Amino acid sequence: MRRRLEAGAALPPQPYKPEPVGRSRLSPGAVSGTPWWLDEAPRLEPEPPLEGELDVDVAIVGGGYTGLWTALSVRELEPSARVAVLETGLCGEGPSGRNGGFLHGYWPLLARARRTFGDDGALAVAQAASAIVPAVRDFVERRSLDVWLREAPMLEVSAAQVQDEAVAAAVAAAGELGVEEEAIPLGRDELARRCA
Numbered sequence: 013m014r015r016r017l018e019a020g021a022a023l024p025p026q027p028y029k030p031e032p033v034g035r036s037r038l039s040p041g042a043v044s045g046t047p048w049w050l051d052e053a054p055r056l057e058p059e060p061p062l063e064g065e066l067d068v069d070v071a072i073v074g075g076g077y078t079g080l081w082t083a084l085s086v087r088e089l090e091p092s093a094r095v096a097v098l099e100t101g102l103c104g105e106g107p108s109g110r111n112g113g114f115l116h117g118y119w120p121l122l123a124r125a126r127r128t129f130g131d132d133g134a135l136a137v138a139q140a141a142s143a144i145v146p147a148v149r150d151f152v153e154r155r156s157l158d159v160w161l162r163e164a165p166m167l168e169v170s171a172a173q174v175q176d177e178a179v180a181a182a183v184a185a186a187g188e189l190g191v192e193e194e195a196i197p198l199g200r201d202e203l204a205r206r207c208a
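In this note's numbering, the protein residues as written are 13 to 208.
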């Protein structure tokens, strides 16, 4: 129920109602509670729960991007390797799958990575992560897979002061580490042009 307020009147305090974890009211998967792409994916019957011991060369816990990519990479490097991916739910249904499939590096997180890994470590992580998009492109092209891969530049856009500070920190870190091309500040007009 909506009420009309007189000019200058304030709304009474409302109880906090958190959104479900990992969901936004505007996200495509919000209605069904599952990632939107699962609606078009082939239906698979879940495997039975693991019981007893498992004898493998490599056991990977988690069937998100990192776990699945690791499993594929291990098998590519050593085709005879016995690899198991252990996932409590459906592979790709967790945070990796709910993000809509975005792939990007760590350049926007460079300032935080510096605090964690130091300058050289932060650069190494960001540069290694930059290889993911070409690696995925190569992977799907070699297998003639249609995974709706659409490559586009990443825009880190601020809508609040705290975000202004994070973007400014990323730009400053990139400049200080000599990779200023990875964090180019844009004005409002240039941003509007790129998003048109």
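Heads up, the beta-carbon is just placed ideally off N, CA and C, and yes, glycines get one too.
Values in this document were obtained by computation on a predicted structure and should not be read as measured data.
Can you grab the Cα-Cα spacing for the pair Asp158 / Val152, in whole Å? Rounded to the nearest angstrom, the two C-alpha atoms are 7 Å apart.
Applying the 10 Å Cβ sphere with the 16-neighbour rule, what's the burial state of Leu55? The sequence as given places Arg at residue 55; Leu does not occur at that position. By the Cβ neighbour-count rule, Arg55 is exposed, with fewer than 16 other Cβ atoms within 10 Å of its own.
So, helix, strand or coil for Ile7, using DSSP? Given that the chain is displayed from residue 13 to residue 208, the structure contains no residue 7 and the question cannot be resolved.
Check for me: the beta strand (DSSP E) holding Leu161 runs from which residue to which? No residue range can be given for Leu161, since it is assigned to no beta strand (DSSP E) and is classified by DSSP as neither H nor E.
In this structure, what does DSSP give as the bridge partners for Ala71? Beta-bridge annotation (DSSP): Ala71 is paired with Ala96.
Does DSSP put Thr46 in a helix, in a strand, or in coil? In the three-state reduction of the DSSP assignment, Thr46 falls in the coil class.
Sub-9 Å separation of Gly109 and Trp49 beta-carbons: Contact flag set, yes.
What span of residues does the alpha helix (DSSP H) with Glu210 cover, start to end? A query on residue 210 cannot be resolved here, the shown segment of the chain reaching from 13 to 208 and no further.
Checking 9 Å against the spacing of the C-beta atoms, do Pro197 and Met166 come in under that value? For Pro197 and Met166, no; Cβs fall outside 9 Å.
In this structure, how does DSSP classify Tyr118 when only helix, strand and coil are distinguished? If DSSP states are grouped into helix, strand and coil, Tyr118 belongs with coil.
Output the distance between the C-alpha atoms of Phe129 and Thr46, rounded to the nearest integer angstrom. The alpha-carbon atoms of Phe129 and Thr46 are separated by roughly 35 Å.
Where Glu202 falls: helix, strand or coil (DSSP): Helix.
What do you get for Leu89, buried or exposed, if any count of 16 or more other CB atoms within 10 angstroms of its CB means buried? Counting Cβ neighbours within 10 Å, Leu89 comes out exposed, since fewer than 16 surround it.
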